[in-house]
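What the sequence shown shows, in this note's numbering, is residues -9 to 162, in sequence order.
Built from N, CA and C at the ideal position, the CB exists for glycine as well.
Quantities reported herein were computed from a predicted structural model and do not represent experimental measurements.
I have placed the structure first, in the form of structure tokens, so that the comments after it can refer back to it.
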Amino acid sequence: MAELEIRTYPDPILREKCRPVENIDERIRALAADMAETAAAAPGVGLAAPQVGETLRLVVIDLSMGEDPDQLHVLVNPEIESTGDEEIEAEEGCLSLPEIFENVTRPARVRVRAWNLEGREFILDVDGRLARVLHHEIEHLDGKLLLDRLNRMKRGLIKRHLKKRAKAASAS
């Protein structure tokens, strides 16, 4: 396994709509393992394939951040089937938006259909923190970022800050 480079805003790959995984093979299994290792090392609770430069519909989530292997969820081709009516506002961060934490409103409950690394279809019907993280990571697969859930003024301020930081980093 290897840690992968996490792509950060304004990298254009973060805005791409990801294509489905056609075949769950050793490459996909290795990518999922590397993504899990990368998320745990960051540290973060979730990572979507475009965040490591792959435009594939693949997500890893581990609320334990690598502490409990039973907490690792790998979702191949995840799709949100439904959300509950109740919404909850809570603070979120994103590994592709370093050091940015903002309050975001999301559905309290989500039902997701996906496949595991053995090619078996499954459904997760969850609420709470796992629902929030699932929603966040699946949005990445459609080219959507945490920024898109903020009001225009706040989004503009953060974008300028991140672009300035990226420019300074590339100059050094």
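query, result
"DSSP three-state call for residue 11: helix, strand or coil?", "coil"
"Taking the runs of the alpha helix (DSSP H) that are 4 residues or longer, which of them lie wholly in the segment 29 to 66?", "none"
"Would DSSP call residue 119 helix, strand or coil?", "helix"
"Under a Cβ-count criterion, where at least 16 other Cβ atoms within 10 Å of its own Cβ denotes burial, should residue 151 be classed as buried or exposed?", "exposed"
"Anyone know if the C-beta pair for residue 126 and residue 136 falls short of 8 angstroms?", "yes"
"Applying the 10 Å Cβ sphere with the 16-neighbour rule, what's the burial state of residue 86?", "buried"
"Considering only residues of the same chain and omitting the five flanking positions on each side of residue 153, which have a CB-CB separation below 7 angstroms?", "0"
"Do the CB positions of residue 96 and residue 77 come within less than 8 angstroms of each other?", "yes"
"Count the other CB atoms within 10 Å of the CB of residue 141; is the residue buried (16 or more) or exposed (fewer)?", "exposed"
"Between the segment 10 to 27 and the segment 112 to 121, are three or more C-beta pairs nearer than 8 angstroms?", "no"
"First and last residue of the beta strand (DSSP E) that includes residue 104?", "99 to 105"
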